[in-house]
Amino acid sequence: MGLLDTEFGKRRLLSVEVPAIEKYNEGRDAAFKVALARVGGTLLLTYLLKPCHNPYRLETRLLSSYPTVPPETRVLTPLKHCPHLLEGQTICLWRQGSMRASSRWDPAKFTCIFAIQAAWRWLACYEIWHETGEWPLPEAK
Amino acid sequence: MRIFQVGAGSGGIVVLDALARDPRVTHIDLIEPDVYSLHNVYRHLFPESAVGRLKADLAVGWIRERRPDVTVDPFVADIADPLLQDRFEEMADRCDAGVCAVDNEPAKFAFDSLMRNSGKPWTLGEVLSGGIGGWVHRFTPDGPCYGCVASYLQRNVAEEPNRPPPDYSNPDAAIPEARIPASKAAIGAIASLHANLTLDLLAPPSPGGTEAEGLGFSILFTLARVPGVFDDAYRTFRFRIPKSEACLICSSLPPSAAGEDLDAALDQALARLGHD
Numbered sequence: 151m152g153l154l155d156t157e158f159g160k161r162r163l164l165s166v167e168v169p170a171i172e173k174y175n176e177g178r179d180a181a182f183k184v185a186l187a188r189v190g191g192t193l194l195l196t197y198l199l200k201p202c203h204n205p206y207r208l209e210t211r212l213l214s215s216y217p218t219v220p221p222e223t224r225v226l227t228p229l230k231h232c233p234h235l236l237e238g239q240t241i242c243l244w245r246q247g248s249m250r251a252s253s254r255w256d257p258a259k260f261t262c263i264f265a266i267q268a269a270w271r272w273l274a275c276y277e278i279w280h281e282t283g284e285w286p287l288p289e290a291k
Numbered sequence: 020m021r022i023f024q025v026g027a028g029s030g031g032i033v034v035l036d037a038l039a040r041d042p043r044v045t046h047i048d049l050i051e052p053d054v055y056s057l058h059n060v061y062r063h064l065f066p067e068s069a070v071g072r073l074k075a076d077l078a079v080g081w082i083r084e085r086r087p088d089v090t091v092d093p094f095v096a097d098i099a100d101p102l103l104q105d106r107f108e109e110m111a112d113r114c115d116a117g118v119c120a121v122d123n124e125p126a127k128f129a130f131d132s133l134m135r136n137s138g139k140p141w142t143l144g145e146v147l148s149g150g151i152g153g154w155v156h157r158f159t160p161d162g163p164c165y166g167c168v169a170s171y172l173q174r175n176v177a178e179e180p181n182r183p184p185p186d187y188s189n190p191d192a193a194i195p196e197a198r199i200p201a202s203k204a205a206i207g208a209i210a211s212l213h214a215n216l217t218l219d220l221l222a223p224p225s226p227g228g229t230e231a232e233g234l235g236f237s238i239l240f241t242l243a244r245v246p247g248v249f250d251d252a253y254r255t256f257r258f259r260i261p262k263s264e265a266c267l268i269c270s271s272l273p274p275s276a277a278g279e280d281l282d283a284a285l286d287q288a289l290a291r292l293g294h295d
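Residue numbers (my numbering), protein chains in the order written: chain Y, 151 to 291; chain W, 20 to 295.
Here is the structure:
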C-alpha cells in the first residue's frame, strides 16, 4: 500500500490528509503552517509548534507504508536528553495495543494532523519535565 | 475452488494443510516471503533439516505429498510490496476466498485492501501473545474492513498485559522481546478454527439460511484464564462489528480523479502546500 505509488495511497492523501492539513493551516500564522514536501517515497511535513514558552521546529514523516504504519516525528530544535525521546530526537508517541486511545495509532481514525497534536502534547510534557524533572503523563499501558 | 492465502508460518501452515485436504479446493495461490529458521522448528510442521529453505517451497512440497491433484502456485514476496500489487490483484480477482495468516499490521491492511477491491470474502486468524487465546475474523465485501475491526477491538483487548515499560533512560539499548511466544497447541487451536471458518465460506448458502449468515463476524476464543483479561479458559465470544461510517480506510473516497488525473491533483496539492 505505497502512499505515493498506489491509487489507494494517492486517494487517501487527496481526500483525507491534504484537506486535513489545509484545514489546520487555515487562518494560522504563516510561521506555524504545515509545509508538505515529497522526499523519495515519503512525504515530509515541517512545522513549528509553541506549546508553552518556546517554539520548536519539527518534521513528521509519512512513510510509504503510511497510514498502516504510524508517522514518525522528530524535533529539529535541540532538546535536553529526556524520557520518551528516541534516537535522532524522534519522539516516542505510539505504543501498539495501548489501552489509552491517544497512545496508539489508529489508521482508521487518525490523520497526520493527529500526529502533530500528539507532538504538541509531547512538547508540553517536555517543558513541564524541564522545569520539574517529572514527566506529567503516565507510561502508556 | 481457488484459495488465495498469504502466510505459511506456524499458524498459516495449519490452515493451509486443512484447506488443501478439502476436496472442493483445487487451486491455491500462496504468498510467503520468509525462510524457515531454527526458531520456527518447535512450532511448525517441518523438521530441523528444513532450516534454510523457503517456507513457500516447504508448504508446496507438503501439499503435493498429500493432494497431488491440487495446483499450488507459490510466490515469494511481501504482500505489502507496492511494486507487486498488480500481480496480487490478479490473484485476488480469480480466487473464491482469501486467507490471511500473517502477524504484522501492514500485511493485514494490504490483504484487506486487495480483497475489498476484488469483492471477495476472506478470513483472518490472530493468536494473542502468550497463546492465551485468539481471534478469527470473517470479512465480506460489504462489511467492515480490517481497519474498522482493529479500531473497534483495540478499545477492549490487551494483547500484552505484562509487557515491561521501555527504558527511556537508555533509549538506544536493545529492546526486549515484547511478544510472548505461543505454544504450538495454542496456535493449532486458533488456526484450526480459522480453517473451519474459511471452509464455511466455500459452502453454498444453506437453504432457509438467514441473511445474517452471509455477513462478517469475529470470534474470540480464550485458551487460558488470565486475571484482568479472560475470566475463563475455553470460552467463545462472537461479535458482529459494524462497519464504521467514519473509517478512513474503507469509507468511500470522492471519485474525483483517476490515473494521471490523480497524479496531477497530487502534484498541485504538494505545490500548494510546499511553502516554508
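For each residue, glycine too, the CB sits at the ideal point set by N, CA and C.
Please read these numbers as outputs of a predicted model, since none were measured by experiment.
Unbroken alpha helix (DSSP H) run spanning Leu-77/W, endpoints
Here residue 77/W refers to the residue found at position 58 when the second sequence is read from its first residue. Counting along the chain, the alpha helix (DSSP H) containing Leu-77/W begins and ends at 74-85.
With the cut-off set at 9 Å, would you say Thr-142/W and His-213/W are in Cβ contact?
By one-based count along the second sequence, residue 142/W stands at place 123. By one-based count along the second sequence, residue 213/W stands at place 194. In this structure, His-213/W lies closer than 9 Å to Thr-142/W by Cβ.
Out of Val-155/W, Thr-159/W, Val-146/W, Leu-133/W, which one is the CA nearest neighbour of Ala-204/W?
Within the second sequence, the letter at position 185 stands for residue 204/W. Comparing Cα positions, the closest option is Val-146/W.
Neighbourhood of Leu-77/W by C-beta distance below 7 Å, restricted to the same chain and skipping five residues each side:
Locating residue 77/W in the second sequence gives position 58, counting from the first residue. The answer, listed in chain order, is Tyr-55, Phe-65, Ala-69.
Between the Cα of Cys-167/W and those of Arg-83/W, Asp-282/W, Gly-235/W, Ala-37/W, spot the shortest distance and give me the residue it belongs to.
Residue numbering aside, residue 167/W sits at position 148 when the second sequence is read from its first letter. Of Arg-83/W, Asp-282/W, Gly-235/W, Ala-37/W, the residue nearest in Cα terms is Gly-235/W.
By Cβ distance below 7 Å, which residues in the same chain neighbour Ile-199/W in space, the five residues on each side in sequence not counted?
The sequence position of residue 199/W within the second sequence is 180, counting from 1. For Ile-199/W, where only same-chain residues beyond five positions count, the Cβ hits under 7 Å are Ser-148, Gly-149.
Assign Leu-154/Y to buried or exposed, taking buried as 16 or more other Cβ atoms, counted over all protein chains shown, within 10 Å of its Cβ.
Start at 1 with the first residue of the first sequence, and residue 154/Y comes out as number 4. For Leu-154/Y, the number of other beta carbons within 10 angstroms of its own is at least 16, and it is reported as buried.
Where are the beta strand (DSSP E) runs, 3 residues long or more, that stay fully inside the region 70-158 of chain W, in chain order?
List check, beta strand (DSSP E) in window: 90-94, 116-119, 141-146, 152-158.
What in chain Y is Cβ-close to Tyr-119/W, meaning under 8 Å?
The residue labelled residue 119/W in the question sits at position 100 within the second sequence. The amino acid occupying residue 119/W in the given sequence is Cys; Tyr does not appear at that position. Against chain Y, a Cβ distance below 8 Å from Cys-119/W picks out nothing, because the smallest value is about 14 Å.
Of all Cβ atoms in chain W, is any one closer than 9 Å to the Cβ of Leu-287/Y?
On the first sequence, position 137 is the one that residue 287/Y refers to. Not closer than 9 Å to any Cβ of chain W, the Cβ of Leu-287/Y fails to qualify, so no.
Euclidean distance between Cα positions of Val-121/W and Phe-249/W
On the second sequence, residue 121/W is found 102 positions in, with the first residue counted as 1. On the second sequence, residue 249/W is found 230 positions in, with the first residue counted as 1. Cα-Cα distance, rounded: 24 Å.
Through-space distance from Leu-172/W to Pro-180/W, alpha-carbon basis:
For the purposes of this step, residue 180/W is identified with residue 161 of the second sequence, where counting begins at 1. For the purposes of this step, residue 172/W is identified with residue 153 of the second sequence, where counting begins at 1. Confidence at Pro-180/W is low in this model, with a pLDDT of 45, below 50, so its placement is unreliable and no value can be given for it.
Tell me which residue opens and which closes the alpha helix (DSSP H) that Ala-213/W is part of.
Against the second sequence, residue 213/W aligns to sequence position 194. Note that residue 213/W is His in the sequence shown here, rather than Ala. His-213/W -> alpha helix (DSSP H) spans 203-221.
Below 7 Å on C-beta distance, what does Gly-166/W contact in chain Y?
The residue you call residue 166/W lines up with position 147 of the second sequence. What Gly-166/W touches in chain Y: Pro-257, Ala-258.
Run down chain W in chain order and give the residues with a C-beta less than 7 Å from the C-beta of Ile-171/Y.
Indexing the first sequence from 1 puts residue 171/Y at position 21. Within chain W, the residues near Ile-171/Y are Leu-292.
Limits of the alpha helix (DSSP H) - the one that Ser-56/W falls within:
Position 37 of the second sequence, counted from the first residue, corresponds to residue 56/W. For Ser-56/W, no alpha helix (DSSP H) segment is defined, and its DSSP state is neither H nor E.
Within-9 Å CB hit, Ala-193/W to chain Y
Start at 1 with the first residue of the second sequence, and residue 193/W comes out as number 174. Caution applies to Ala-193/W, whose pLDDT of 48 falls short of 50 and renders its modelled position unreliable; the value that the coordinates give is listed next. By this cut-off, Ala-193/W is not an interface position.
Stretch pair the region 211-231 of chain Y + the region 123-132 of chain W: three plus CB contacts closer than 8 Å
With contact defined as three or more Cβ pairs closer than 8 Å, the region 211-231 of chain Y and the region 123-132 of chain W are in contact.
Chain-order list of residues whose beta-carbon lies under 6 Å from that of Leu-213/Y (same chain, five-residue window excluded)
Mapped onto the first sequence, residue 213/Y falls at position 63. Closer than 6 Å at Cβ, skipping near neighbours: Thr-192, Val-219.
When burial is assigned at 16 or more other CB atoms within 10 Å of the CB, is Thr-227/Y buried or exposed?
Locating residue 227/Y in the first sequence gives position 77, where the first residue counts as 1. Classification for Thr-227/Y: exposed.
Whole-angstrom distance between Ala-210/W and Tyr-253/W, CA atom to CA atom:
On the second sequence, residue 253/W is found 234 positions in, with the first residue counted as 1. On the second sequence, residue 210/W is found 191 positions in, with the first residue counted as 1. If I take the Cα positions, the gap works out to 15 Å.
Which residues DSSP lists as bridging Phe-256/W, in chain order
Here residue 256/W corresponds to residue number 237 of the second sequence, with the count starting at 1. Partner(s): Leu-239/W.
Name, please, each residue of chain Y whose Cβ falls closer than 9 Å to the Cβ of Leu-147/W.
Position 128 of the second sequence holds residue 147/W. Simply none; closest approach about 10 Å.
For Ala-96/W, which option in Asp-282/W, Ile-22/W, Gly-26/W, Ala-111/W has the closest C-alpha, if you only look at C-alpha atoms?
Translated into the one-based positions of the second sequence, residue 96/W becomes position 77. Among Asp-282/W, Ile-22/W, Gly-26/W, Ala-111/W, the Cα nearest to that of Ala-96/W is on Gly-26/W.
Helix, strand or coil, according to DSSP, for Ile-22/W in the structure here?
Within the second sequence, numbered from 1, the residue matching residue 22/W stands at position 3. Note: Ile-22/W maps to strand in three-state DSSP.
Chain W contacts made by the region 170-190 of chain Y, where a contact means CB separation under 9 Å
Ile-171, Glu-172, Asn-175, Ala-180, Lys-183, Val-184, Ala-185, Leu-186, Ala-187, Arg-188
Could you give the residue range of the beta strand (DSSP E) that holds Asp-155/Y?
Position 5 of the first sequence, counting from 1, holds the residue named residue 155/Y. That residue, Asp-155/Y, is in no beta strand (DSSP E); it is neither H nor E in DSSP.
Which residue wins for smallest C-alpha separation from Pro-52/W, given the options Leu-103/W, Tyr-61/W, Glu-67/W?
Looking up residue 52/W in the second sequence gives position 33. Among Leu-103/W, Tyr-61/W, Glu-67/W, the Cα nearest to that of Pro-52/W belongs to Leu-103/W.
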